[in-house]
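Visitor: Listed in order, the protein sequences are those of chains A and B.
For the first sequence, numbering that gives the first Met the number 0 assigns the number 0 to the initial residue and increments by one for each residue that follows.
For the second sequence, numbering that gives the first Met the number 0 assigns the number 0 to the initial residue and increments by one for each residue that follows.
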Amino acid sequence: MRFVDEFRDAELGRALAEEIHATVEPERHYKIMEVCGGHTHAIYKYGVDDLLPSNVEFVHGPGCPVCVIPMGRVDDGIALAHEPGVIFTCFGDMLRVPGSTETLLDAKAQGADVRIVYSPLDALRIAKENPDREIVFFAIGFETTAPSTALTLRRAKAEGARNFSVICSHVTIVPPLRALLESPEVRLDGFIGPGHVATVIGARPFQFIPEQYGKPLAISGFEPLDVLQSVLMVLRQLVEARAEVENQYARVVPWEGNPRALEIMDEVFTLRDRFEWRGLGFISESALRLSDDYAEWDAEERFAVPDVRVADPKACQCGEVLRGVIKPWECKVFGTACTPERPIGTCMVSSEGACAAYYNYGRFAREREVL
Amino acid sequence: MCLAIPGQIVEVVDEVNRLATVEVAGVRRTVNIALLDVGETGAAPGDWVLIHVGFALSKVDEDEARATLRLLEQMGADYEQELEELKASVIE
Ligand code: SF4
Numbered sequence: 000m001r002f003v004d005e006f007r008d009a010e011l012g013r014a015l016a017e018e019i020h021a022t023v024e025p026e027r028h029y030k031i032m033e034v035c036g037g038h039t040h041a042i043y044k045y046g047v048d049d050l051l052p053s054n055v056e057f058v059h060g061p062g063c064p065v066c067v068i069p070m071g072r073v074d075d076g077i078a079l080a081h082e083p084g085v086i087f088t089c090f091g092d093m094l095r096v097p098g099s100t101e102t103l104l105d106a107k108a109q110g111a112d113v114r115i116v117y118s119p120l121d122a123l124r125i126a127k128e129n130p131d132r133e134i135v136f137f138a139i140g141f142e143t144t145a146p147s148t149a150l151t152l153r154r155a156k157a158e159g160a161r162n163f164s165v166i167c168s169h170v171t172i173v174p175p176l177r178a179l180l181e182s183p184e185v186r187l188d189g190f191i192g193p194g195h196v197a198t199v200i201g202a203r204p205f206q207f208i209p210e211q212y213g214k215p216l217a218i219s220g221f222e223p224l225d226v227l228q229s230v231l232m233v234l235r236q237l238v239e240a241r242a243e244v245e246n247q248y249a250r251v252v253p254w255e256g257n258p259r260a261l262e263i264m265d266e267v268f269t270l271r272d273r274f275e276w277r278g279l280g281f282i283s284e285s286a287l288r289l290s291d292d293y294a295e296w297d298a299e300e301r302f303a304v305p306d307v308r309v310a311d312p313k314a315c316q317c318g319e320v321l322r323g324v325i326k327p328w329e330c331k332v333f334g335t336a337c338t339p340e341r342p343i344g345t346c347m348v349s350s351e352g353a354c355a356a357y358y359n360y361g362r363f364a365r366e367r368e369v370l
Numbered sequence: 000m001c002l003a004i005p006g007q008i009v010e011v012v013d014e015v016n017r018l019a020t021v022e023v024a025g026v027r028r029t030v031n032i033a034l035l036d037v038g039e040t041g042a043a044p045g046d047w048v049l050i051h052v053g054f055a056l057s058k059v060d061e062d063e064a065r066a067t068l069r070l071l072e073q074m075g076a077d078y079e080q081e082l083e084e085l086k087a088s089v090i091e
């Protein structure tokens, strides 16, 4: 068993793998979606899939925040970066995401003042240091990241930082999952739930998956042992014809989530009527914008944002990857025209993206290593 | 930006804004601990926390923190980059 020696507890890893082999029914095929890009990364880095029986398949979900940002939204960010007097701040992952004509990195090369920040609080500090400039922060991420933006905005408001604004592109995890479950395109059997998002929203919001769609879900930690254990939890439910939310990551994830984080998000954000997701199209009430109390800090209010819908490049099959319809290596440009150095699509940009995970860990084809 | 890195709280430096010095992978940085102000007690010096984009997201025990750190170290380039960005962070 390749890699298993690197697990925190190799014995436990082997035992879990053996138990998974003993649990599955050989005539059935199991498709399990790991929602979060962090899990995709762990699965390929540690060869977790190599430990599974061949009739258990991972389908990669839409839980990579960089990957799901549509091209038109990237263009909006780039347009703001080119506004005179603006210092445009974003996480490092966004720099190389292709917009329709350029990336933020290209914009920077042409003289736009684009700066990488580790935290939205760094962006706010830059605003204080540059009172004569306009500082815009490109806020992306699921519910894991949204509370950080919210607390930063609350502080900006308290301190009257009027040269600071946010282009809010935060998204929420439940609507895309529902969209995937409603779509006839992919039949999923169960889910590995996103551990970090669940520290904020809790396990409860995932209950609609077993209750309304009859599919099991296990909220999972990020170690390979966690993922293996979560897979076993989901498979056991399937074999026993049960469907519920189980919390493998209970040592960190409270069932009700983090009330502080939920309260501050509720104060600062409100649901957008709809938002475009790369590959999934428009999904209603799936993203956040600033609430009216915070309109003054909303970059979309302060500047003219193009807000143009842009179709993905023809060669790009990120949509199908994000919907779990194809595996990354099935995209025609995977590893040739599209590489992490020169990405065509978002799934190759972020290390959490499925294409980058496949590429970085040498998964160029279907064949699994024989155990 | 998707990573959550474990660190240990050294001291609370700004009560109003809930900022604390945290030791992360051998460096000391300031992070916001307001999200942990749940119930009677918030985070305190000595606590291990998972840090995401400059905010402590959850408390973890020391074993969990060390295991997570080991896992991150094995990630190589992505973790290195995240650490570089963290080192450049000056939250005040
Ligand atoms: S290989 Fe590139 S273009 Fe194809 S799906 Fe992946 S990221 Fe998109």
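Cβ atoms here follow ideal geometry from the backbone N, Cα and C, with glycine treated the same way.
The beta strand (DSSP E) that contains A/P305, what's its start and end?
Guide: Translated into the one-based positions of the first sequence, residue 305 of chain A becomes position 306. Run containing A/P305: none; DSSP gives neither H nor E here.
Visitor: For B/D77 and chain A, any beta-carbon pair shorter than 9 Å?
Guide: Translated into the one-based positions of the second sequence, residue 77 of chain B becomes position 78. It does: the Cβ of B/D77 has a partner Cβ on chain A nearer than 9 Å.
Visitor: Would you say A/M93 touches the ligand SF4, meaning its beta carbon is less than 8 Å from a heavy atom?
Guide: Along the first sequence, read from residue 1 onward, the residue named residue 93 of chain A stands at position 94. No - the ligand SF4 has no heavy atom lying nearer than 8 Å to the Cβ of A/M93.
Visitor: Please tell me whether A/L261 and A/L179 are closer than 9 Å, where the distance is taken between their beta carbons.
Guide: On the first sequence, residue 261 of chain A is found 262 positions in, with the first residue counted as 1. On the first sequence, residue 179 of chain A is found 180 positions in, with the first residue counted as 1. No; because the gap between Cβ atoms is not below 9 Å, this pair is not in contact.
Visitor: Of all the CB atoms in chain A, is at least one closer than 9 Å to the CB of B/L20?
Guide: For the purposes of this step, residue 20 of chain B is taken as the residue at position 21 of the second sequence. First, the amino acid is wrong: residue 20 of chain B is Thr here, not Leu. Not closer than 9 Å to any Cβ of chain A, the Cβ of B/T20 fails to qualify, so no.
Visitor: For the alpha helix (DSSP H) containing A/H195, name the first residue and the last one.
Guide: Within the first sequence, residue 195 of chain A is the residue found at index 196, counting from 1. Segment 194-200, the alpha helix (DSSP H) holding A/H195.
Visitor: Could you check whether the Cβ of A/D121 sits closer than 9 Å to any Cβ belonging to chain B?
Guide: Residue mapping note: residue 121 of chain A aligns to position 122 of the first sequence, counting from 1. Cβ-Cβ to chain B under 9 Å: yes for A/D121.
Visitor: Determine the closest residue to A/V267 out of A/T148, A/S182, A/D112, with distance taken between C-alpha atoms.
Guide: In the first sequence, counting from the first residue as 1, residue 267 of chain A sits at position 268. For A/V267, the nearest C-alpha among the options comes from A/T148.
Visitor: Is A/V332 closer than 9 Å to A/C346 when the C-beta atoms are compared?
Guide: Position 347 of the first sequence holds residue 346 of chain A. Position 333 of the first sequence holds residue 332 of chain A. Going by C-beta atoms, A/C346 is not nearer than 9 Å to A/V332.
Visitor: Could you check the C-alpha separation between B/G41 and B/L35 for me, to the nearest Å?
Guide: The sequence position of residue 41 of chain B within the second sequence is 42, counting from 1. The sequence position of residue 35 of chain B within the second sequence is 36, counting from 1. When rounded, the distance between both Cα atoms is 5 Å.
Visitor: According to DSSP, simplified to helix, strand and coil, what is A/P146?
Guide: In the first sequence, counting from the first residue as 1, residue 146 of chain A sits at position 147. Helix.
Visitor: In chain order, which continuous runs of the beta strand (DSSP E) of length 3 or greater are located wholly inside the stretch 58-110 of chain A?
Guide: You should have 85-89.
Visitor: Just to check, is the beta-carbon of A/F90 closer than 8 Å to a non-hydrogen atom of the ligand SF4?
Guide: Along the first sequence, read from residue 1 onward, the residue named residue 90 of chain A stands at position 91. A/F90 Cβ: outside cutoff for every heavy atom of the ligand SF4.
Visitor: Using a Cβ-Cβ cutoff of less than 7 Å, which residues in the same chain neighbour A/I77 once the five nearest sequence positions on both sides are dropped?
Guide: Here residue 77 of chain A is taken as the residue at index 78 of the first sequence, counted from 1. If we look at A/I77 and ignore the five residues flanking it on each side, its Cβ neighbours are G98, E101, L103, A106.
Visitor: Check each residue of the stretch 308-326 of chain A: if its Cβ is closer than 9 Å to any Cβ of chain B, include it; give the result in chain order.
Guide: Cβ contacts with chain B: none found.
Visitor: Mind listing the chain A neighbours of B/G53? Cutoff is C-beta to C-beta under 9 Å, in chain order.
Guide: The sequence position of residue 53 of chain B within the second sequence is 54, counting from 1. Correct list: V116, Y117, S118, P119, L120, D121, S147, T151.
Visitor: Within 9 Å of any Cβ in chain B, is that where the Cβ of A/F90 sits?
Guide: In the first sequence, residue 90 of chain A corresponds to position 91, counting from 1. Judged by the 9 Å Cβ criterion, A/F90 is in contact with chain B.
Visitor: According to DSSP, simplified to helix, strand and coil, what is A/H40?
Guide: As a position in the first sequence, residue 40 of chain A is number 41, starting the count at 1. Correct three-state label for A/H40: helix.
Visitor: Of all the beta strand (DSSP E) runs that stay within the bounds of the stretch 162-188 of chain A, which reach a length of 3 or more residues?
Guide: Counting whole runs of 3 or more residues, the stretch 162-188 of chain A contains the beta strand (DSSP E) stretches 163-169.
Visitor: Anyone know if the C-beta pair for A/A356 and A/Y29 falls short of 9 Å?
Guide: By 1-based counting over the first sequence, the position of residue 356 of chain A is 357. By 1-based counting over the first sequence, the position of residue 29 of chain A is 30. The answer is no: Cβ separation not under 9 Å.
Visitor: If you reduce the DSSP assignment to three classes, tell me which class A/N359 lands in.
Guide: Counting from one through the first sequence, the residue named residue 359 of chain A turns up at place 360. Here A/N359 sits in helix by DSSP.
Visitor: Could you spell out where the beta strand (DSSP E) holding A/H28 opens and where it closes?
Guide: The residue labelled residue 28 of chain A in the question sits at position 29 within the first sequence. Element bounds for A/H28: n/a, residue is neither H nor E.
Visitor: Taking buried to mean at least 16 other C-beta atoms within 10 Å of its own C-beta, is A/T144 buried or exposed?
Guide: Taking the first sequence and counting its residues from 1, one reaches residue 144 of chain A at position 145. Buried, by the Cβ-count rule.
Visitor: Identify, in the order they occur along the chain, each residue of the same chain with its Cβ nearer than 8 Å to the Cβ of A/A294, setting aside the five sequence neighbours on each side.
Guide: Numbered from 1 along the first sequence, position 295 holds the residue referred to as residue 294 of chain A. So the list reads E300, once near-sequence residues are dropped.
Visitor: Here's the rule I'm using: 16 or more other beta-carbon atoms within 10 Å means buried, otherwise exposed. How should A/D265 be labelled?
Guide: The sequence position of residue 265 of chain A within the first sequence is 266, counting from 1. With fewer than 16 other Cβ atoms within 10 Å, it is exposed.
Visitor: Using a Cβ-Cβ cutoff of less than 8 Å, which residues in the same chain neighbour A/I19 once the five nearest sequence positions on both sides are dropped?
Guide: Walking along the first sequence from the start, residue 19 of chain A turns up at place 20. Excluding positions up to five away in sequence, the list reads L50, L51, P52, V55, L227, V230, L231, L234.
Visitor: Residue range of the alpha helix (DSSP H) that A/Q236 falls in?
Guide: Within the first sequence, residue 236 of chain A is the residue found at index 237, counting from 1. 223-238 is the extent of the alpha helix (DSSP H) around A/Q236.
Visitor: In chain A, which residues lie with their C-beta within 9 Å of the C-beta of B/V59?
Guide: Here the question's residue 59 of chain B lines up with position 60 in the second sequence. Ordered by position in chain A, the residues that pass the 9 Å Cβ test against B/V59 are R250, V251.
Visitor: At a cut of 8 Å, does the stretch 29-41 of chain A reach the stretch 58-67 of chain A through at least three beta carbon pairs?
Guide: Enough Cβ pairs lie closer than 8 Å, so yes.
Visitor: Mind pulling the chain B residues with CB within less than 9 Å of A/G36?
Guide: Position 37 of the first sequence holds residue 36 of chain A. Going along chain B in sequence order, the residues near A/G36 (Cβ under 9 Å) are C1.
Visitor: Run the CB neighbour count on A/D292, radius 10 Å, all protein chains shown included, and call it buried at 16 or more, exposed below.
Guide: Here residue 292 of chain A is taken as the residue at index 293 of the first sequence, counted from 1. By the neighbour-count rule (16 or more Cβ atoms within 10 Å), A/D292 is not buried but exposed.
Visitor: If you pair each beta-carbon of the stretch 60-67 of chain B with each one of the stretch 16-29 of chain B, do three or more pairs fall below 8 Å?
Guide: With a cut-off of 8 Å, the stretch 16-29 of chain B and the stretch 60-67 of chain B do not count as touching, because too few Cβ pairs lie within range.
Visitor: Spatial neighbours of A/R367 within its chain, please: CB distance less than 8 Å, with the 5 preceding and 5 following residues excluded, ordered by chain position.
Guide: Position 368 of the first sequence, counting from 1, holds the residue named residue 367 of chain A. Because A/R367 sits at a pLDDT of 47, beneath the cut-off of 50, its placement in the model cannot be relied upon, and the following sentence gives the value as read from the coordinates. The residues are D48, D49, S53.
Visitor: Figure out for me which residue from B/G75, B/V48, B/A33 has the closest Cα to the Cα of B/D13.
Guide: The count along the second sequence starts at 1 and reaches residue 13 of chain B at position 14. Considering only alpha carbons, the answer is B/A33.
Visitor: Which residues in chain B sit within 7 Å of A/S350, going by Cβ to Cβ distance?
Guide: The residue given as residue 350 of chain A occupies position 351 in the first sequence. The answer, in chain order, is D77.
Visitor: With a threshold of 8 Å (Cβ to nearest heavy atom), would A/G98 be considered close to the ligand SF4?
Guide: Within the first sequence, numbered from 1, the residue matching residue 98 of chain A stands at position 99. Checking the Cβ of A/G98 against the ligand SF4 gives no.
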